[in-house]
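Engineer:
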Amino acid sequence: MLADLTVKDFLDKVACSDPVPGGGSIAALDGALASALSTMVARFTVGKKGYEASEE
4 MLADLTVKDF LDKVACSDPV PGGGSIAALD GALASALSTM VARFTVGKKG
54 YEASEE
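Read left to right, the sequence shown gives residues 4 to 59 (the numbering used here).
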């Protein structure tokens, strides 16, 4: 399963001549990374001085 691969192994699979993983898998990974990064930024912000108006 693709989700069980290391990042290096996933990149190796993308670079090979097999049709899978393809664009959909890459888009899903991009979306998951963007979501994780957004969550990280939110966690740095919530509860910090100066951001009280944005908490709700």
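Built from N, CA and C at the ideal position, the CB exists for glycine as well.
#1: Am I right that Leu5 and Ser20 are in contact with their C-beta atoms under 8 Å? What's the rounded C-beta distance?
#2: Assign Lys60 to one of three DSSP states: helix, strand, or coil.
#3: Would you grab the beta carbon distance between Lys16 and Pro24 for me? Rounded to a whole angstrom, and I think it's under 8 Å.
#4: By DSSP, does Asp33 sit in helix, in strand, or in coil?
Structural biologist: Based on what the coordinates show:
#1: With 8 Å as the limit, Leu5 and Ser20 do not qualify as a contact, their Cβ atoms being about 17 Å apart.
#2: The first residue shown for the chain is 4 and the last is 59, placing residue 60 beyond what the model contains.
#3: 6 Å
#4: helix
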